[in-house]
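**Student:**
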Amino acid sequence: MKIESIELRLLELPRRERFVIATGSSDVVRNWLVKVTVDGSTGHGCAAPNSVTRETAEGIETSLLRLRDRLQGHEVDGPTDLSRRMDEALSRASAAKAGLDLAFHDALARGKGQPLAEFLGGKCGPVLTDMTIGIMPLKETVEKARANVSNGFKALKLKVGTSMKDDVARVLAVRATIGESVALRIDANQGYSERKALRFIEAIKGAGVELVEQPVKAAWWNPMARISAASPIPVMADETVRSFEDVERAFDLGISHINVKLAKCGGIHQAQRIAELARERGGKIMVGCMGESGISLAGALHFASAYSDVVRWADLDSQFMLVRDGCRPLDFRDGMLWPKGPGNGAELQS
């Protein structure tokens, strides 16, 4: 199959409100829209700058231009070959690679007239997503939780990791507000020490929390493993695991819950490798997102649907946080995102 063309365009997408987590804040999302034509079929993806892979919008542009120079006009044997060639061209740049990988998969699935989930070998079915609440005062947190549930969300993710006392109060207040029927997940974004993480988990263990994500620094492998072993609540690795090899190491250390983000691992092909490893090792996956447009989310949604046996959670909410997006809103009903085809089903807007 021949990659006939690769086109790039920068998207500037303002957030509805400032989004605050333990490691920073943002008002605007910048994505590189990637358009790929393969054997006459066109697909789209997005590359999202982020602090986890240390890629800026400018750096992603440089990476994508290099990939275009290496791949445009050339024959490739499929997703595995594309991934290999991208790795040969760039040693890192996972978000840039993900943008091209997403567009390539979309083009191939559209060329076959299939939803992407079916092209990946799975089924095309709905996926429950949470809605994230950033770090904010307790009153605003409660109001936001109430509003999100009113808007149809059946799962919430609460960002913590600054003041443990305030974090505990916010978790307990949100649970009291939303009742027991709405799932609650916690994400500390590396905000705690090992000792504080264990104290925090002990303080919220009666709040019906599904999981606690990345309580300590990404590089703190052994503390993550000890917290996972000691915690009465499942502990999930996010920033710690950025590649297939990282996930292998996590499983070896007994960390069995993993947040897979396409921008973090390099796209759908690499995410498939991780999902297949999770099947072998008994791991459990959340499919998450960075600050991404619905174009990227559509691809992640199809991946989550295709691997529903190991994907237990989804955090595909970034489109809901944007004033405008590069595509029409994804189909959200009954707390779930409903994937469409052909390809990733995303409908672009000018």
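For the sequence shown, this note's numbering gives the first residue as 896, with consecutive numbering after it.
A virtual CB, placed ideally from N, CA and C, is assigned to each residue, including glycine.
As the structure is a computational prediction, the values presented were derived from the model and not from experiment.
#1: Determine, using beta-carbon pairs with one atom in the region 1139 to 1146 and one in the region 969 to 982, whether at least three such pairs fall under 8 Å.
#2: Tell me whether Gln1085 is buried or exposed, calling it buried when 16 or more other Cβ atoms sit within 10 Å of its Cβ.
#3: Suppose you measure from the CA of Val933 to the CA of Ile955; what does that come to, to the nearest Å?
#4: Got a sec, what are the start and stop residues for the alpha helix (DSSP H) Trp1116 sits in?
#5: Cβ of Gly940 within 9 Å of Cβ of Asp1001?
#6: I want to know whether the region 1068 to 1078 touches the region 1027 to 1047 - three or more CB-CB distances under 8 Å.
#7: In the DSSP assignment, find the alpha helix (DSSP H) that holds Met1059 and state where it starts and stops.
#8: Could you tell me the distance, in whole angstroms, from the CA atom of Gly1238 to the CA atom of Ala1173?
#9: If you measure between the beta carbons of Gly1162 and Leu997, is that distance less than 9 Å?
#10: Name the one or two DSSP bridge partners that Thr1024 has.
#11: Rounded C-beta distance between Gly1056 and Ala1083? I'm assuming under 8 Å.
#12: Restricting to runs no shorter than 3 residues, where is the beta strand (DSSP E) found entirely within the region 973 to 1032?
#13: Would Ser884 and Gly1016 be called neighbours here (beta carbons separated by less than 9 Å)?
#14: Name the DSSP bridge partner or partners of Arg1090?
#15: Taking Ala1199 as part of the beta strand (DSSP E), name the residues at either end of that continuous run.
#16: In whole angstroms, give me the CA-to-CA distance for Glu912 and Gln1244.
#17: Could you check how far apart the C-beta atoms of Val1069 and Ala1040 are, in whole angstroms? I think they sit under 8 Å.
#18: Using alpha carbons as the reference points, say which of Ile898, Phe1095, Ser1088 and Arg1090 lies closest to Leu1067.
#19: Please report the straight-line C-alpha distance between Ser1123 and Ile1099, rounded to a whole angstrom.
#20: Just checking my contact of Leu1232 with Leu1211 at CB under 8 Å: how many whole Å lie between their CB atoms?
#21: When the distance is taken between beta carbons, is Gln1167 closer than 9 Å to Glu1187?
#22: Taking the alpha helix (DSSP H) that Lys1159 falls in, what are its first and last residues?
#23: Tell me where the alpha helix (DSSP H) around Leu1255 begins and ends.
#24: Going by the CB atoms, is the gap between Val1155 and Val1022 shorter than 9 Å?
#25: Compute the Euclidean distance between the alpha carbons of Val923 and Ser946, then round it to the nearest angstrom.
#26: Looking at the unbroken beta strand (DSSP E) that takes in Arg910, where does it start and where does it end?
#27: Whole angstroms is fine: what's the gap from Asp1061's alpha carbon to Pro1010's?
#28: Considering His1164, what are the terminal residues of the beta strand (DSSP E) in which it resides?
#29: Going straight from the alpha carbon of Arg1249 to that of Ser1126, what length do you get?
#30: Could you give the distance in angstroms between the alpha-carbon of Ser1191 and the alpha-carbon of Leu995?
#31: Please check if any C-beta of chain C sits within less than 9 Å of the C-beta of Arg961.
#32: For the beta strand (DSSP E) holding Val1206, just list the boundary residues, first then last.
#33: Taking the C-alpha atoms as reference points, what is the distance between Pro909 and Arg1219?
#34: Can you tell me whether Ser1076 is helix, strand or coil according to DSSP?
**Tutor:** According to the structure data:
#1: Contact fails: fewer than three Cβ-Cβ distances are below 8 Å.
#2: If you number the sequence shown from 1, residue 1085 lands on position 190. The residue in question, Gln1085, is buried, as its Cβ has 16 or more Cβ neighbours within 10 Å.
#3: Numbered from its first residue, the sequence shown carries residue 933 at position 38. Numbered from its first residue, the sequence shown carries residue 955 at position 60. Using only the alpha carbons, I get a separation of about 22 Å.
#4: The residue you call residue 1116 lines up with position 221 of the sequence shown. It spans Trp1116 to Ala1125 - the alpha helix (DSSP H) in which Trp1116 sits, taken as one unbroken run.
#5: One-based indexing of the sequence shown puts residue 940 at position 45. One-based indexing of the sequence shown puts residue 1001 at position 106. Contact: yes.
#6: Verdict: yes, contact present.
#7: Here residue 1059 refers to the residue found at position 164 of the sequence shown. Per DSSP, Met1059 belongs to the alpha helix (DSSP H) from Met1059 to Ile1073.
#8: Locating residue 1238 in the sequence shown gives position 343, counting from the first residue. Locating residue 1173 in the sequence shown gives position 278, counting from the first residue. Rounded to the nearest angstrom, the gap between the Cα atoms of Gly1238 and Ala1173 is 25 Å.
#9: Here residue 1162 is taken as the residue at index 267 of the sequence shown, counted from 1. Here residue 997 is taken as the residue at index 102 of the sequence shown, counted from 1. In this structure, Leu997 lies closer than 9 Å to Gly1162 by Cβ.
#10: As a working note, residue 1024 is residue 129 in the sequence shown. Assignment of beta-bridge partners to Thr1024 by DSSP yields no partner.
#11: Your numbering for residue 1056 matches position 161 in the sequence shown. Your numbering for residue 1083 matches position 188 in the sequence shown. Gly1056 to Ala1083, Cβ: 4 Å. Contact.
#12: Listed in chain order, the complete beta strand (DSSP E) runs (minimum 3 residues) inside the region 973 to 1032 are 1026 to 1028.
#13: The chain is shown from 896 up to 1245; residue 884 falls before or after that span and cannot be answered.
#14: Numbered from its first residue, the sequence shown carries residue 1090 at position 195. Beta bridge pairing from DSSP links Arg1090 with no other residue.
#15: As a working mapping, residue 1199 is identified with position 304 in the sequence shown. That residue, Ala1199, is in no beta strand (DSSP E); its alpha helix (DSSP H) goes Gly1189 to Ala1201.
#16: The residue you call residue 912 lines up with position 17 of the sequence shown. The residue you call residue 1244 lines up with position 349 of the sequence shown. Going from the Cα of Glu912 to the Cα of Gln1244 covers about 22 Å.
#17: To locate residue 1069, count along the sequence shown from 1; it is residue 174. To locate residue 1040, count along the sequence shown from 1; it is residue 145. The beta-carbon distance between Val1069 and Ala1040, rounded to whole angstroms, is 5 Å. This is short enough to meet the 8 Å contact definition.
#18: As a first step, residue 1067 must be located in the sequence shown, where it is residue number 172. The shortest C-alpha to C-alpha distance from Leu1067 to any of Ile898, Phe1095, Ser1088 and Arg1090 is the one to Phe1095.
#19: For the purposes of this step, residue 1123 is identified with residue 228 of the sequence shown, where counting begins at 1. For the purposes of this step, residue 1099 is identified with residue 204 of the sequence shown, where counting begins at 1. Approximately 15 Å between the Cα atoms of the pair.
#20: Residue numbering aside, residue 1232 sits at position 337 when the sequence shown is read from its first letter. Residue numbering aside, residue 1211 sits at position 316 when the sequence shown is read from its first letter. Contact flag correct, Cβ pair sits at about 6 Å.
#21: If you number the sequence shown from 1, residue 1187 lands on position 292. If you number the sequence shown from 1, residue 1167 lands on position 272. Remark: C-beta atoms of Glu1187 and Gln1167 do not approach each other more closely than 9 Å.
#22: For this step, residue 1159 is matched to residue 264 along the sequence shown. Its alpha helix (DSSP H) spans residues Leu1157 to Cys1160.
#23: As displayed, the chain neither begins before 896 nor continues past 1245, which places residue 1255 out of reach and without an answer.
#24: As a working mapping, residue 1022 is identified with position 127 in the sequence shown. As a working mapping, residue 1155 is identified with position 260 in the sequence shown. Their beta carbons are not under 9 Å apart, which means Val1022 does not touch Val1155 by this criterion.
#25: In the sequence shown, the residue the question calls residue 923 occupies position 28. In the sequence shown, the residue the question calls residue 946 occupies position 51. If I take the Cα positions, the gap works out to 14 Å.
#26: Here the question's residue 910 lines up with position 15 in the sequence shown. Where Arg910 is concerned, the enclosing beta strand (DSSP E) stretches over Ile898 to Ile916.
#27: One-based indexing of the sequence shown puts residue 1061 at position 166. One-based indexing of the sequence shown puts residue 1010 at position 115. Approximately 44 Å between the Cα atoms of the pair.
#28: Within the sequence shown, numbered from 1, the residue matching residue 1164 stands at position 269. Boundaries around His1164 are those of the alpha helix (DSSP H), Ile1163 to Arg1176, since no beta strand (DSSP E) includes it.
#29: The displayed coordinates of the chain run from 896 to 1245. Any statement about residue 1249 would go beyond what the structure contains.
#30: Working through the sequence shown from its first residue, we reach residue 1191 at position 296. Working through the sequence shown from its first residue, we reach residue 995 at position 100. Between Ser1191 and Leu995, the C-alpha separation is close to 11 Å.
#31: Of the protein chains in the structure, only one exists, and it is not chain C.
#32: In the sequence shown, residue 1206 corresponds to position 311, counting from 1. For Val1206, the uninterrupted beta strand (DSSP E) run begins and ends at Val1206 to Ala1209, by DSSP.
#33: If you number the sequence shown from 1, residue 909 lands on position 14. If you number the sequence shown from 1, residue 1219 lands on position 324. Rounded to whole angstroms, the separation of the alpha carbons of Arg1219 and Pro909 is 7 Å.
#34: Residue mapping note: residue 1076 aligns to position 181 of the sequence shown, counting from 1. Here Ser1076 sits in coil by DSSP.
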